[in-house]
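Residues 56 to 213, numbered by our numbering, are exactly what the sequence shown covers, in order.
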Amino acid sequence: MSRYYIAQLNIAQLKAPIDSPQLSDFVNNLDRINALADDSPGFVWRLQTEEGNATDIDYFGSDTIMNLSVWDSVEALHRFVYRTAHVEIMSRKKEWFHSMNEAHMVLWWVPAGHMPSLYEAAEKLNAFRQQGPSPNAFTFKKAYPPPGEAIADKRRHC
């Protein structure tokens, strides 16, 4: 049986230019939070430029930043997002990012060794926006098992 990893895309619309004083605390914490992710158990890969982050990638528009990463399990990703210093940054998102009227985050399974493209990630986000959660595109709230595995016991939460 093939091994699958969990891919995630998260996008956010900036309230100000990335180099503005309003976003300085966010920008000043990027290296620290990215290093925390890189060193976290279960981390596999993240899209980044030579600067070590993805803020220069404007695939979703010049006022939108994104994070695309791969983890060895939903639990590992969930642990990083909600049980590390990443939480303190997330708690300040309203200072830096506009509220989005549609889904801005999506998860999906990829075969081990596959690094998803931005095109693939955008397709998954659009599928989630159009169809809601499915084995093809989902969120932490309603996660699906990797292809070929039975649905895990609902009591086993991240």
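Note that the Cβ used here is the ideal one computed from N, Cα and C, for glycine as well.
- In summary, Y60 is buried, with 16 or more beta-carbon neighbours lying within 10 Å of its beta-carbon over all protein chains present.
- Of all C-beta pairs linking the segment 143 to 154 to the segment 75 to 87, three or more are shorter than 8 Å, placing the two stretches in contact.
- Note: F98 is bridge-paired with W126 in the DSSP secondary-structure output.
- Taking a cut-off of 8 Å for Cβ pairs, the segment 58 to 75 and the segment 113 to 126 touch, as three or more such pairs fall below it.
- Rounded to whole angstroms, the gap between the alpha carbons of A176 and D113 is 14 Å.
- Taking all protein chains shown into account, P171 has 16 or more neighbouring C-beta atoms within 10 Å of its C-beta and is therefore buried.
- Contact between W100 and V125 holds, since their C-beta atoms are separated by about 5 Å, short of 8 Å.
- D93 and R147 have their C-alpha atoms some 22 Å from each other.
- Rounded to whole angstroms, the separation of the alpha carbons of F193 and F183 is 6 Å.
- According to the DSSP assignment, M155 belongs to no alpha helix (DSSP H), since it is labelled neither H nor E.
- Under the three-state reduction of DSSP output, S189 falls in the strand class.
- The continuous beta strand (DSSP E) containing I66 extends over residues Y59 to Q68.
- For a cut-off of 8 Å, the C-beta gap from D127 to G107 is around 22 Å, too long to register as a contact.
- Burial check for K179: the Cβ neighbour count within 10 Å reaches 16 or more, so the residue is buried.
- Boundaries of the alpha helix (DSSP H) around L91: S79 to D93.
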